[in-house]
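Next comes the structure, spelled out in structure tokens:
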């Protein structure tokens, strides 16, 4: 049994028995023997339970504020970074390592993040559950035996003691759950939650800190590539169609969720996909359906006790049921997951107010404005109790994971787009002809035609006109899409209601942006003024 060399940060660890980089088959055996609630489903995937927490706990995430991070990170109003001090981190770290040391075995994974070989990060995950080890085996990049032999000291280490609670009376703690990041020590500690997504997204936050230091932009986006090497990035919050639209049988999938854009082009950060499974159907999403086989982790799904067939419509454990599988399980995945510089940057919004055009071409300042805003609208059914459209803004389309001020990522995005000649687009996958309740959802087939026209480059040659208030450039025609829906005002029978709703949404954008307006970007804050001017004008 190979034992990974201890590094400085591992000095307190005296594990009795280390299970190092086990194969999926070995991890299946460990889970089924020793973890209650782990079963093999009829399709060969491993179904398991994440315990009391079936989703992330953003309010319990802490970042150590020290001399370095105090000036570098985004703190305060609107920021996802909640501070803790070094001492409290060490108290929690001690608690986690004491728990892990008390077990008769621990799982250790040594893996990589980022498919760009020049900029990959070595990560070590120490965990107590085979479920966590298999999840990270699928989600991170898997090293070859040779790479593993020369792995050396990791750049970042996770101590996942999620079965054990933190002490809620410890300073900075608000519950028995704590997810703690220490960027100086390059460590992360997890207590009081067994939800595996915390590891994935914790490392994503780390990449949002480490990559910009190298002049590399980290992005919460989907990414695909055409047969001719044209790359598109897709940004969008939950329910906007990011996964659906970036999965395209005529194009190669570079990745579905986390990417880097460097001088070498784009690269996927991860080695796997983490797909939502609620109401999954073979007809609707064949790629995800077929990826659920031996080696895949199924989280919190319900299945028939006897034949072990999964019922994807059952949300009795949680609505957030998920599958984690290696990206190689997707037939048109591009391996290695890298590509040239993007040609198109597509921002998706599901506008339930029904006033944004189905597609608009953005200039650089508008792209930055809408990227920082990260808008979509929730409607009834996505969160309990919401009956009318409710605007949601998540800066950079991933506010929960960014570490620096949003304008820093936006400025990097604009710089890369300008340098490599990429075009920005805003695509509304939401409502037309009225708000939610009176209008109807824009047909997916129309949105696909719009995306096809963006990919082919034909939309660049279209004729454009400018909308009022938001000042968006909209095409007068798109092949395969009825021209009357391209300008939303045409689709509303009540023009006054349209104008009122448009001004209402513009006001929501303005209020949301106020928190970013005082942060100067570019020389003498010139860029800030440009970005502000690109917002709604009324």
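In my numbering, the protein residues as written are 229 to 766.
For each residue, glycine too, the CB sits at the ideal point set by N, CA and C.
*Which residue from 460, 514 and 350 puts its Cα closest to that of residue 685?*
For residue 685, the closest alpha carbon among the candidates 460, 514 and 350 is that of 460.
*How should residue 634 be labelled, buried or exposed, when 16 other C-beta atoms within 10 angstroms of its C-beta is the threshold for buried?*
When all chains shown are included, residue 634 counts as buried.
*Of the residues 290, 540, 693 and 323, which one's Cα is nearest the Cα of residue 702?*
693
*Please confirm whether residue 336 and residue 407 have their CB atoms less than 7 Å apart.*
Inclusion of residue 336 and residue 407 in the CB contact set at 7 Å is not warranted, their separation being larger than that value.
*asked:* Which same chain residues end up closer than 6 Å to residue 638 when comparing Cβ atoms and leaving out the 5 residues on each side of it in sequence?
replied: Closer than 6 Å at Cβ, skipping near neighbours: 596, 599 and 600.
*Helix, strand or coil for residue 448 per DSSP?*
strand
*Where residue 624 sits in the DSSP three-state scheme*: For residue 624, the three-state secondary structure derived from DSSP is helix.
*At what residues does the beta strand (DSSP E) containing residue 652 begin and finish?*
651-656
*Considering only residues of the same chain and omitting the five flanking positions on each side of residue 424, which have a CB-CB separation below 6 Å?*
360 and 363
*Compare the C-alpha of residue 376 against each of 474, 249 and 393 and name the closest.*
249
_Exposure label - residue 498; buried when at least 16 CB within 10 Å_ = With 16 or more other Cβ atoms within 10 Å, it is buried.
*DSSP state of residue 358 mapped onto helix, strand, coil*: helix
*Taking C-alpha atoms, which residue in 384, 525, 416 and 374 lies nearest to residue 289?*
The candidate whose alpha carbon is nearest that of residue 289 is 416.
*Own chain residues within Cβ distance below 6 Å of residue 449, not counting five before or after*: Excluding residues within five positions, the ones whose Cβ falls inside 6 Å are 461, 462, 463 and 487.
*What is the DSSP secondary structure of residue 554, reduced to helix, strand or coil?*
strand
*Pick out the complete beta strand (DSSP E) segments inside the stretch 418-484, 3 residues or longer, and give them in chain order.*
445-448, 450-453, 459-463 and 480-483
_Own chain residues within Cβ distance below 7 Å of residue 339, not counting five before or after_ = 351, 364, 368, 369, 370 and 371
_Output needed for residue 541: all residues of its chain with C-beta closer than 6 Å, excluding positions within five of it in sequence on either side, in chain order._
507
_Segment limits, alpha helix (DSSP H) that includes residue 681_ = 672-684
*Answer with buried or exposed for residue 562, where buried requires no fewer than 16 other C-beta atoms within 10 angstroms of its C-beta.*
buried
*Drop a sphere of 10 angstroms on the beta-carbon of residue 672, count the other beta-carbons inside from all chains shown, and report buried for 16 or more, exposed for fewer.*
Burial call: exposed.
*asked:* Does residue 629 come out as helix, strand or coil in the three-state DSSP assignment?
replied: In the three-state reduction of the DSSP assignment, residue 629 falls in the coil class.
*Use the C-beta contact count for residue 257: other C-beta atoms within 10 angstroms, 16 or more gives buried, fewer gives exposed.*
exposed
*Skipping 5 residues on each side, what residues in its chain have a beta carbon closer than 8 Å to that of residue 239?*
Reliability fails at residue 239, whose pLDDT of 45 lies under 50, so the model's placement of it is uncertain and no value is given.
*Measuring CB to CB, does residue 271 end up less than 7 Å from residue 520?*
yes
*Compare the C-beta of residue 389 against all C-beta atoms of chain C and say whether one is closer than 7 Å.*
Chain labels in this structure do not include chain C; a single protein chain is all it has.
*How would you call residue 535, buried or exposed, if buried means at least 16 neighbouring beta carbons within 10 angstroms?*
When all chains shown are included, residue 535 counts as exposed.
_Contiguous alpha helix (DSSP H) assignments of at least 4 residues, all confined to the stretch 299-347_ = Taken in chain order, the unbroken stretches of alpha helix (DSSP H) that lie wholly in the stretch 299-347 and span 4 residues or more are 314-330.
*asked:* Along the chain, where does the beta strand (DSSP E) containing residue 526 start, and where does it finish?
replied: 525-527
*By Cβ distance, which residues of its chain are closer than 6 Å to residue 301, with the 5 residues on each side in sequence left out?*
Excluding sequence neighbours, residue 301 sits near 309 and 631.
*Kindly indicate the opening and closing residues of the alpha helix (DSSP H) around residue 375.*
Counting along the chain, the alpha helix (DSSP H) containing residue 375 begins and ends at 373-377.
*So what's residue 716 in DSSP terms, helix, strand or just coil?*
helix
*Give the straight-line distance between the Cα atoms of residue 440 and residue 434, rounded to the nearest whole angstrom.*
11 Å
_Euclidean distance between Cα positions of residue 523 and residue 321_ = 31 Å
_Could you tell me the alpha carbon to alpha carbon distance between residue 400 and residue 559, rounded to whole angstroms?_
46 Å
*Look up residue 511 in the DSSP assignment and say whether it is helix, strand or coil.*
coil
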